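*Asks:* What follows is a structure written as structure tokens; I'll ask about it next.
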Amino acid sequence: MCRVYASTTPDRYECVTRSVRLQGCVTSVRLENEFWDILEELAAEQELSAGQFISQLYAEVIEERGEIGNLASLLRVACAIYLNNKASAATGGFAEPLLPKAAAVAG
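Under the numbering used here, read the sequence shown as residues 1356 to 1462, first letter to last.
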């Protein structure tokens, strides 16, 4: 069973640090390549760059919750939600967008 996961090429789980601008301040986010790829796909569906998506998500969470304890963890969970929604939509289930398209364009 684990063979599928054990045979994963190391470049997929290699960590990469990228700079993003959040509310006017530049910060670094360190994620595995696999998550960066998913974020790029997710953002493209919202007609945003990954940086724009992260910035918008950050702003919305700050507005709703007041703080983010761990941005990298939030981004990984966002990727999981995106993949779950995508799988649900592929099988005819209902999938809720992570960010409403109208909000993504307005942001």
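Glycine included, C-beta positions come from ideal geometry on N, C-alpha and C.
Note that the structure is predicted; figures quoted are calculated from it, not measured.
#1: Using a Cβ-Cβ cut-off of 6 Å (strictly less than) and excluding sequence neighbours within five positions of V1460, which residues of its own chain qualify?
#2: I need the boundaries of the beta strand (DSSP E) containing C1357, first residue and last residue.
#3: According to DSSP, is E1419 part of a helix, a strand, or is it coil?
#4: What residues are listed by DSSP as bridge partners for E1369?
#5: Ignoring anything shorter than 3 residues or poking outside the segment 1383 to 1416, list the beta strand (DSSP E) runs there in chain order.
#6: Using DSSP's beta-bridge definition, name the partner residues of V1375.
#7: Which first and last residues belong to the alpha helix (DSSP H) in which S1443 is found?
#8: CB-CB under 6 Å to C1370, same chain, minus the five flanking residues each way: which ones, in chain order?
#9: Whole angstroms is fine: what's the gap from A1445's alpha carbon to R1373's?
*Replies:* In short:
#1: Because V1460 carries a pLDDT of 48, less than 50, the predicted location of this residue cannot be relied on, and no value is offered for it.
#2: First-last for C1357: undefined, no H or E at that position.
#3: Annotated three-state conformation of E1419 is helix, per DSSP.
#4: Note: E1369 sits in no beta bridge, so no partner.
#5: Fully contained in the segment 1383 to 1416 is no beta strand (DSSP E) run of length 3 or more.
#6: T1382
#7: Annotation for S1443: the continuous alpha helix (DSSP H) segment containing it runs 1426 to 1445.
#8: The answer, listed in chain order, is R1385, E1387.
#9: Per the coordinates, the alpha-carbon of A1445 lies some 31 Å from the alpha-carbon of R1373.
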